[in-house]
Amino acid sequence: MPRILVFKHKKPLEIELADGSRIVVCGCGLSETFPFCSGKHILIQDEDDDKVYVYDERAERIGEVEHIVVKNRGKIGVKNIRRLEYVAAKE
Ligand code: FES
């Protein structure tokens, strides 16, 4: 089942653990080793903060969201999304 996830960070989050060690957690959502950063965030540095992008399961950008069509007016929620339309990325 497809899922819509929204990640707003463009870089990893560094977290210090109780024992003083550090881990680097993915903030972009594209990591191959999620929840840890794999460096894939380098692919999103050109993203415009005002747009929502669509990626496939291989972390390849396939487009930008153009419209989200919901079933009922006034409420945008996961159960309410009927269709997501996006503009395909240019090759
Ligand atoms: S922050 Fe997601 S791969 Fe690095």
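Read in order, the letters of the sequence shown correspond to residues 182 to 272 in the working numbering.
Cβ atoms here follow ideal geometry from the backbone N, Cα and C, with glycine treated the same way.
Predicted model, so just to flag it, every value in this text is computed and none were measured.
Straight-line Cα distance separating residue j from residue i
i	j	result
GLU241	LEU211	9 Å
VAL233	GLU245	6 Å
TYR236	ALA199	35 Å
HIS248	ARG184	16 Å
GLU197	GLY208	15 Å
THR214	LEU224	15 Å
LYS252	GLU266	14 Å
LYS221	ARG239	10 Å
ALA269	VAL250	17 Å
Segment limits, beta strand (DSSP E) that includes residue i
i	result
VAL233	Element bounds for VAL233: n/a, residue is neither H nor E.
LEU194	194 to 197
ARG203	203 to 206
Residue i, DSSP secondary structure in three states
i	result
HIS222	helix
LEU244	It should be pointed out that residue 244 corresponds to Gly in this sequence rather than to Leu. Residue state, collapsed to three classes: strand.
ALA270	coil
VAL187	coil
ARG264	strand
Any chance the segment 213 to 229 sits against the segment 189 to 203, with 3 or more Cβ pairs inside 8 Å? For the pair of segments examined, the segment 213 to 229 was found to touch the segment 189 to 203: the number of CB pairs separated by less than 8 Å reaches three.
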